[in-house]
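Data first, discussion second: the structure below is written as C-alpha cells.
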Amino acid sequence: MKKVLAIDMGATSIRGVIGYIQDGKLKTETVDRFTHEIVDYEGRKRWQWDKIVNNIIGMILNHSKEISSVGIDTWGVDFGLINKEGKLIENPVSYRDIKNSLGIKYAEKYMSKEEIFLETGNQIMGMNSLFQLLTYRKLNPNKYKTIDKILFLPDLINYILTSEICSELTIASTTQMLNIKEKKWNLEMLKKFSINENIFPQIIKNKSIIGKTNSSLDERLKETNVDVISVASHDTASAVYLTKAYNDREYAFLSSGTWSLIGCCTEEAIINKEVFKSELTNEIGFDSKNMFFKNITGLYLIERLRKELKNIYKIDFNYSYITDFVTKTKPFEAYIDTDYVDFANEEISIIESMEKYLINTKQELLDDKRKYFRVIYESLVFKYKEIINEIEKIIGYSFKGIHIIGGGAKAEFLCQMIADGLNKKVLAGPYEATAIGNILAQLSVVEGKKIDVDKIIKNTYKVKEYLPKNCEDWIKQNK
Numbered sequence: 034m035k036k037v038l039a040i041d042m043g044a045t046s047i048r049g050v051i052g053y054i055q056d057g058k059l060k061t062e063t064v065d066r067f068t069h070e071i072v073d074y075e076g077r078k079r080w081q082w083d084k085i086v087n088n089i090i091g092m093i094l095n096h097s098k099e100i101s102s103v104g105i106d107t108w109g110v111d112f113g114l115i116n117k118e119g120k121l122i123e124n125p126v127s128y129r130d131i132k133n134s135l136g137i138k139y140a141e142k143y144m145s146k147e148e149i150f151l152e153t154g155n156q157i158m159g160m161n162s163l164f165q166l167l168t169y170r171k172l173n174p175n176k177y178k179t180i181d182k183i184l185f186l187p188d189l190i191n192y193i194l195t196s197e198i199c200s201e202l203t204i205a206s207t208t209q210m211l212n213i214k215e216k217k218w219n220l221e222m223l224k225k226f227s228i229n230e231n232i233f234p235q236i237i238k239n240k241s242i243i244g245k246t247n248s249s250l251d252e253r254l255k256e257t258n259v260d261v262i263s264v265a266s267h268d269t270a271s272a273v274y275l276t277k278a279y280n281d282r283e284y285a286f287l288s289s290g291t292w293s294l295i296g297c298c299t300e301e302a303i304i305n306k307e308v309f310k311s312e313l314t315n316e317i318g319f320d321s322k323n324m325f326f327k328n329i330t331g332l333y334l335i336e337r338l339r340k341e342l343k344n345i346y347k348i349d350f351n352y353s354y355i356t357d358f359v360t361k362t363k364p365f366e367a368y369i370d371t372d373y374v375d376f377a378n379e380e381i382s383i384i385e386s387m388e389k390y391l392i393n394t395k396q397e398l399l400d401d402k403r404k405y406f407r408v409i410y411e412s413l414v415f416k417y418k419e420i421i422n423e424i425e426k427i428i429g430y431s432f433k434g435i436h437i438i439g440g441g442a443k444a445e446f447l448c449q450m451i452a453d454g455l456n457k458k459v460l461a462g463p464y465e466a467t468a469i470g471n472i473l474a475q476l477s478v479v480e481g482k483k484i485d486v487d488k489i490i491k492n493t494y495k496v497k498e499y500l501p502k503n504c505e506d507w508i509k510q511n512k
C-alpha cells in the first residue's frame, strides 16, 4: 500500500493531504494546513512566498518517510520569474493586484482582444499571465531584461523541490500564451508582443515523474527521496476530473469556491467569435480533455461580507449562522451583477459597493445588512443560469444536470437554489475534489496501473442529489 501527499494550494490556505487506496476505497487524511495572505510590498500585491515555500518543505519533511510521492496543485495564471543564476527575481505578484489589468491596454497596441482570444482560446481577463507579464515589463524594464525563465506557481514549487524546469500542461493553459489546440506555446503570437520565446519552459503532461526531492534546491530536502509527480496542477483541472461532467456530456460542472468556474468538458477547444463575445474560455483538463467554461466571481463576495459584518455585529458569521439566516430571509429582495468591477476592489467596502450598485440600478437598500448574504447567493444563481444558457446555445444541446464540487457543494441551500434556478438536477460532492484528483493522479503513477476513478469515488464518497422544487419562483424573476 503506497501513500502519496497532495499539496493543495488555495488563495487563502494550503493543505497537505495524504491519500492511499485500501479495500477499494480512497483513504485520506489532512495532515497539515496553514493560512497565508496577500501583502503589499514594493507597490504590488504579492504572495507570502517565503512562508508558502517553508511550510511546503516542512510538510514534506514531516512525512517523507511514509509517502512515495508528492504532487502540487495551485490556482492559475500567477508566476515567478527566474534569472540566469536560477534565482527568483522577486516574490510573485498576485492576480488580485489591480495593476495587472494595465497589461490589456499594452497588449492592444499589438493585437485586439478578439485576435488574442482567437489565438489562445482563453477568456480575456486582466489577471491572465500574458497581461501580468506585459505589465511587469512596463513597470520594471530593467528587471524584465534579467528574466531567464517564467515558471507558473506549481511549476515554481516543483523547480524548488527537484531543480527541474518545466511547465505542466493544465497550468500552462491558463496563461493566455498557449496554442490550446496544438498544446504548445503560441510562439508566433508572442513574437508580436516582442516576448522572448526562450523564457518559456518545456511543457509536460500530467502523470509523469518530474524528479526527486533529493535533488532539491533547498538543502533541507537533500536527505529525502520522494518522487515529485506532475498532477493536473491547475486546481480546477484536478477537481473537474472527479465530476460526472468529465465523462458525460449531459452534465455541466461548477467548481464553487473563491471563484465560480462553470461549464462542461468537450473533446476539443471551441474558439470562434461567438465564444469571444460570450466571454467563455477553454482550458486543458486532466488527460488533455478540454474544459469549456466561464470564470466568474464566486464565494469571494460572501467571504468579504462575512469579514465586514463581523466588525459591525461583533459576532462570528460562520456558515451555520449564515445558512440559518438566509433560509429565513425573504427571497428576491434585490439583485446585483456579481462581476461588477467595484466588488473586486478590496480598498472599497463590499457593503458600500453593493449599496452603491443598488442605488445606481434604482433598487431599494435593505433594512438589514445581513440580508446581503441572500442577495449574493441568489445573484450567483442568476449568473450561473445565464452562463449555462450561453453554453447550451453554443454547443447545441441542453444539460440535464450540473455537478458541483468545492466548498459551495457543502451549502445545501445553495445547491437547492441552483437546482431550482436552473431547473436541473444537481449533484454535490466530493467537497475536497481538488486534493482527491491530485492524489488519484499520483497513485496511478506510483501504483503503475490505471485507476478506476468512478468506482473509487462511488465506493468512498456520498454524492448528494438535489432535484428542482420551486422553479416557478425563479422563472417569475425574469433575470
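What the sequence shown shows, in the numbering used here, is residues 34 to 512, in sequence order. Using N, Cα and C, we set each Cβ at its ideal position, and we do this for glycine too. If you're wondering where the values come from, they're calculated on a predicted model, not measured in any experiment.
- Met42 is bridged by DSSP to Ile47.
- Rounded to whole angstroms, the gap between the alpha carbons of Arg77 and Tyr354 is 35 Å.
- Contact between the stretch 241-251 and the stretch 55-68 is absent: fewer than 3 CB-CB pairs across the two stretches fall below 8 Å.
- Partner residues in the beta bridge of Leu294, as assigned by DSSP, are Ser288, Asn328.
- In this structure, Asp41 sits near Asn471, with a CB-CB distance shorter than 8 Å.
- In the structure shown, the three-state DSSP call for Lys277 is helix.
- The closest CA to that of Gly109, considering only Lys395, Leu94, Pro187, is found on Pro187.
- The residue among Thr207, Asn173, Ile236 with its C-alpha nearest the C-alpha of Lys217 is Ile236.
- A straight line joining the alpha-carbon of Arg48 with that of Lys509 spans about 43 Å.
- By the criterion of a C-beta distance shorter than 8 Å, Gly104 is surrounded in its chain by Val37, Leu38, Ala39, Ile40, Val261, Ile262, Ser263, Val264, Ser266, Asn471, Ile472, Ala474, Gln475, once the five residues flanking it on both sides are discounted.
- In the three-state reduction of the DSSP assignment, Gly462 falls in the coil class, being assigned neither a helical nor a strand state.
- Tyr430 and Phe325 have their C-alpha atoms some 14 Å from each other.
- In the same chain as Phe226, and ignoring 5 residues on each side of it, the C-beta atoms closer than 6 Å to its own belong to Tyr143, in chain order.
- The beta-carbon separation of Ala278 and Cys297, rounded to 6 Å, stays under the 8 Å limit for a contact.
- Contact annotation, Gly454 with Phe415: C-beta distance approximately 7 Å; criterion of less than 8 Å satisfied.
- Glu152 has its alpha-carbon roughly 35 Å from the corresponding atom of Lys458.
- Taking a C-beta distance under 8 Å as the contact criterion, Gly159 and Ile137 qualify as a contact pair.
- Measuring C-alpha to C-alpha distances from Trp80 to each of Lys98, Glu62, Thr195, Asp130 identifies Asp130 as the nearest.
- The beta carbon of Met222 sits closer than 6 Å to the beta carbons of Glu152 from its chain, once the five residues preceding and following it are set aside; these are given in chain order.
- A distance below 8 Å separates the beta carbons of Thr371 and Thr330.
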